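Let me begin by presenting the structure, written as structure tokens, before commenting on it.
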Amino acid sequence: MAMCRYGGCSETARGDSAWCILHLDFPKEDDPEFTRIRDEKQLKTKEKIQGGDLNFEGTNIYGVDASELSIPVQNNAIFKNATIKGRVKFERTKIEQDASFEGAKIEKNASFAGAEIGGEARFEEAEIGGDATFAGVEIGGEAWFKRAKIGGYATFAGAQIGGNACFGTVEIGGDAWFGGAEIGGDARFEEAEIGGEAWFRGAQIAGDVRFEEAEIAGDIRFEEAEIAGDVRLQGAKIGGEACFEGAEIGGTLNLV
Ligand SMILES: [Zn+2]
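Position one of the sequence shown corresponds to residue 28 (the working numbering), numbered consecutively onward.
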């Protein structure tokens, strides 16, 4: 049996194709094999997740539900460059190492609400068509969302991020909710485009807050937030108001 041609994939190729069922491209809806291929992809995805194998790098799949699972230290959750026609759910999932979704395309929502990620959350250049829900997530390392595109809102309310929150050049269609979040490093949103509000009420940030050149359609709100470093809003365009009432800022507040 021929092996799948995708680098590092140890599955056998399907039929006379060069790819395993997961790396095989999506069938067109008028393909007579559409239902069969879709069902096979869904079944294989489920079996792989249930077997504790979360390496889906470069796959073409119809959705992922890994909620409530415990993913051991030897298995990272790898969805780098995967295309997911559907939603991704890791609600209350424990991932001992990294969650790697660099360049992944997720058609609908991605929910990591209440998940624990021991390492880093890597979503550089990922595209999420719907909402990105990370409320109450615990991330041991950094949260990387540079150049990511989120069609709906991004909520990190009450999230705990051990390192920096890197959202430079991120595009968020709706609000960015970081109310009550704890960030162990900087909150970096340079050149970010946020279609709604940037809400950081009561957030605790151990480093700087950086929104240089960012465009925020609504308000930017840091009431009661604790920021150990500087706040940098130079060149930012804010459609609503910038509110820092009751905030404690260790460094300097640079509005322009
Ligand atoms: Zn493969």
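Just so you know, even glycine gets a beta-carbon here, dropped at the ideal spot from N, CA and C.
Predicted model only: the values in this text are computed from it and were never measured.
Helix, strand or coil for residue i per DSSP?
i    : result
T72  : helix
E240 : coil
Q101 : coil
Q77  : helix
R119 : coil
R65  : helix
W46  : coil
V164 : coil
R248 : strand
D202 : coil
S138 : strand
M30  : strand
E275 : strand
R176 : Reading off the sequence, residue 176 comes out as Lys, not Arg. Looking at K176 - three-state DSSP - the assignment turns out to be strand.
R228 : coil
S94  : coil
T86  : coil
L51  : coil
C36  : coil
R19  : No answer is possible for residue 19: the residues shown for the chain start at 28 and end at 283.
Q187 : strand
R41  : coil
K264 : strand
E253 : strand
Indicate whether residue i and residue j have their beta-carbon atoms separated by less than 8 Å.
i    : j    : result
E143 : E129 : no
F238 : A208 : no
A184 : I210 : no
S127 : F106 : yes
G133 : E154 : Per the sequence presented here, residue 133 reads as Ile, with Gly not at that position. Yes, the pair counts as a contact, with Cβ atoms nearer than the cut-off.
F161 : A131 : no
E95  : T120 : yes
G145 : N108 : no
V197 : A175 : yes
K173 : E151 : yes
A219 : A241 : yes
G79  : N102 : yes
Y180 : D202 : yes
A252 : F227 : yes
K112 : F205 : no
G178 : G157 : yes
C270 : D235 : no
F61  : K68  : no
E147 : E118 : no
Closest by CA to residue i, which one among the options?
i    : options                   : result
R149 : I64, A225 and F194        : F194
D43  : S37, L51 and C36          : L51
R215 : G178, Q261, M28 and G179  : Q261
G200 : R228, A244, F117 and G266 : A244
G267 : R248, I254, A93 and E275  : R248
C47  : A252, D57 and N87         : N87
G34  : Q69, G178 and F83         : F83
I91  : S97, K75 and V100         : The amino acid at residue 91 is misidentified as Ile; the sequence shows Val. When each option's Cα is compared against that of V91, the closest is K75.
D125 : R114, E272 and G189       : G189
S97  : V115, R114, Q77 and T279  : Q77
Query raised in the report: Can you list, in chain order, every residue whose CB sits closer than 6 Å to a heavy atom of ligand 1?
Result: Put simply, the residues with a CB less than 6 Å from any heavy atom of ligand 1 are C31, Y33, C36, E38, W46, C47, L49 and H50, in chain order.
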